[in-house]
Amino acid sequence: KTIFKEFFETFASFFKKKQVLVAIAFMLLYRFPEAQLVKLISPFLLDPKELGGMGLTTGQVGLVYGTVGIIGLTLGGIIGGFIAAKGGLKKWLWPMAWSISLTCATFVYLSVFQPDSLFVINLCVFIEQFGYGFGFTAYMLFMIYFADGEHKTAHYAICTAFMALSMMLPGMAAGWLQELIGYKHFFYWIMICCVATIAVTAFIKVDANFGRKTVAKS
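In the numbering used here, the protein residues as written are 1130 to 1347.
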């Protein structure tokens, strides 16, 4: 009984935190465009050009998305973490939000022009994945920031549950939507969804020093 009581008290205390509704909205909607986009990247690259795709082979998709994309994602995350440590989350929140949003436009370009050049396709995927990796840094730091305080480990676990939901729920409808409107209009829709990312970012309040690396005085 005591264990269950502590569990429910810890769970309830999360929803009593300051700005909890804004925080939940941020955790659910910050990646709203990317949650849909990520489900369709591989099918888009594989589908023939007559169907609006890029007509790549499985091996080419492995290079473009599985190698170049991963390098972009990793570099974006590393650089995002590095500069956040220098300036703090508050300073870099907006650049990161714009980064995760605007770079989705590379897929609008690919769907409209359907370039044959593998270099151009690689570059577009690299830019989008780099932007996502860079912008995702703000999301991770915000979860750490919001979970801080009493029960921070449990509260961070609740944050990760919202993080999982933020990818799962929008992703469920992505394939259906693409079949309904086609790749080109689907990517236009993704750009419209970026409004949600920017809107929730506008309501977030973060301590100016959070995330900034401090040097201990000897």
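All C-beta atoms, glycine included, are put in the ideal place defined by N, C-alpha and C. Bear in mind the structure is a predicted one, so any value in this text is a computation, not a measurement.
Limits of the unbroken alpha helix (DSSP H) element including residue i
i       : result
Asn1251 : 1247-1276
Lys1215 : 1198-1216
Residue i in three-state terms, based on DSSP
i       : result
Cys1233 : coil
Lys1281 : helix
Arg1158 : Arg is not the amino acid found at residue 1158; the sequence shown has Leu there. Here Leu1158 sits in helix by DSSP.
Ala1337 : coil
Phe1144 : coil
Leu1150 : helix
Pro1244 : coil
Through-space distance from residue j to residue i, alpha-carbon basis
i       : j       : result
Phe1315 : Lys1281 : 39 Å
Thr1186 : Ala1286 : 39 Å
Pro1162 : Ile1319 : 5 Å
Phe1271 : Lys1168 : 24 Å
Lys1145 : Ser1246 : 53 Å
Gly1278 : Glu1138 : 15 Å
Test item: CB-CB of residue i and residue j under 8 Å
i       : j       : result
Cys1233 : Leu1180 : no
Phe1339 : Tyr1274 : yes
Ala1325 : Leu1150 : no
Task: Inter-stretch contact (C-beta, 8 Å, three-pair minimum) for the stretch 1246-1258 and the stretch 1189-1198 - done: yes
TODO: Could you tell me whether the stretch 1208-1218 touches the stretch 1285-1305, where touching means 3 or more Cβ pairs closer than 8 Å?
DONE: no
Task: At least three beta-carbon pairs within less than 8 Å, the stretch 1298-1317 to the stretch 1228-1245 - done: yes
TODO: Decide if the stretch 1221-1230 is in contact with the stretch 1293-1302; the criterion is three or more beta carbon pairs, one per stretch, under 8 Å apart.
DONE: no
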